[in-house]
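**Student:**
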Amino acid sequence: MNTNEEIRVLREAQSDPQAFTPLYAANHALIFRFIHRRTNQRELSADLTQQVFLKALLALPGYEPRGLPLRAWLYRIALNELRMYWRKKKEVVMDLSWAEVRELRAEVGLEEQEEDMLRLTLALSRLPVAKARLIELRYFDGASFAEIGQVMGIAEDAAKMRVHRILRSMRQYLGSRA
Numbered sequence: 005m006n007t008n009e010e011i012r013v014l015r016e017a018q019s020d021p022q023a024f025t026p027l028y029a030a031n032h033a034l035i036f037r038f039i040h041r042r043t044n045q046r047e048l049s050a051d052l053t054q055q056v057f058l059k060a061l062l063a064l065p066g067y068e069p070r071g072l073p074l075r076a077w078l079y080r081i082a083l084n085e086l087r088m089y090w091r092k093k094k095e096v097v098m099d100l101s102w103a104e105v106r107e108l109r110a111e112v113g114l115e116e117q118e119e120d121m122l123r124l125t126l127a128l129s130r131l132p133v134a135k136a137r138l139i140e141l142r143y144f145d146g147a148s149f150a151e152i153g154q155v156m157g158i159a160e161d162a163a164k165m166r167v168h169r170i171l172r173s174m175r176q177y178l179g180s181r182a
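For the sequence shown, the numbering used here gives the first residue as 5, with consecutive numbering after it.
(1) How would you write the range of the alpha helix (DSSP H) that L61 sits in, first residue to last?
(2) Which of the three DSSP states is assigned to I158 in this structure?
(3) From N44 to L61, what does the alpha carbon distance come to, in whole angstroms?
(4) Can you grab the Cα-Cα spacing for the pair A17 / S173, in whole Å?
(5) Assess contact between the segment 160 to 177 and the segment 74 to 85, defined as three or more Cβ pairs (one per stretch) separated by less than 8 angstroms. Is contact present?
(6) By alpha-carbon positions, which one of N8, Y28, P132, G157 ends up nearest to Q55?
(7) Is M5 helix, strand or coil by DSSP?
(8) Buried or exposed: which applies to M156, given that a residue is buried once 16 or more other Cβ atoms fall within 10 Å of its Cβ?
(9) Who are the Cβ neighbours of H32 in its own chain at under 8 angstroms, not counting the five residues just before and after it?
(10) With distance defined between alpha-carbon atoms, name the residue in F36, E47, L128 nearest to I81.
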């Protein structure tokens, strides 16, 4: 769904909740994966995904796109749902596949060897939660810096700067461990 079509459907859905169905269909799998990667529990992920879309539907009448795709707003709602869940459970999970780690490996200057991949995974696991979220959004969820800013509640330039600083510190960490 392109941006103009998404905005048109959003406007319809603001007055008719039934019109939200195509937006739900277009974004459900994306939000489910975003949540599942962080919980690693299928049923919990499904429940939290439903909560995200319920909250989005209820808040839709007051929603303004501000030039960003709907998924940026849905990511933010999902992140808030996850934070509430983690606050109750006091746990944070990061489930990464090797394919996802490979995409990040080039950014930090590592070879595609098993030892380097393990080092990168270790470096990711040592990041503070907020920094890990930035890297996950950018490299594993494919979010733009504008979307990251929206999700994390920071400016687009700040998101870009933080991601680059995290990558630089990861390069230094990984370089010192070579």
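No residue lacks a Cβ here, since even glycine has one placed at the ideal position from N, Cα and C.
**Tutor:** So, from the listed chains and residues:
(1) What you label residue 61 is simply residue 57 of the sequence shown in a count that begins at 1. Annotation: the continuous alpha helix (DSSP H) that includes L61 extends over 46 to 63.
(2) Translated into positions along the sequence shown, residue 158 becomes position 154. In this structure, I158 counts as coil in the three-state DSSP scheme.
(3) The residue given as residue 44 occupies position 40 in the sequence shown. The residue given as residue 61 occupies position 57 in the sequence shown. If I take the Cα positions, the gap works out to 25 angstroms.
(4) Here residue 17 refers to the residue found at position 13 of the sequence shown. Here residue 173 refers to the residue found at position 169 of the sequence shown. A17 and S173 have their C-alpha atoms some 44 angstroms from each other.
(5) Using a C-beta cut-off of 8 angstroms, the segment 160 to 177 makes no contact with the segment 74 to 85, since fewer than three inter-stretch Cβ pairs fall below that distance.
(6) Counting from 1 along the sequence shown, the entry for residue 55 is found at position 51. Considering only alpha carbons, the answer is Y28.
(7) Here residue 5 corresponds to residue number 1 of the sequence shown, with the count starting at 1. In this structure, M5 counts as coil in the three-state DSSP scheme.
(8) Numbered from its first residue, the sequence shown carries residue 156 at position 152. Counting Cβ neighbours within 10 Å, M156 comes out buried, since at least 16 surround it.
(9) Here residue 32 refers to the residue found at position 28 when the sequence shown is read from its first residue. Here H32 has T53, F57 as same chain residues with Cβ atoms under 8 angstroms from its own Cβ, once five neighbours each way along the sequence are excluded.
(10) As a position in the sequence shown, residue 81 is number 77, starting the count at 1. Comparing alpha carbon positions, the residue from F36, E47, L128 closest to I81 is F36.
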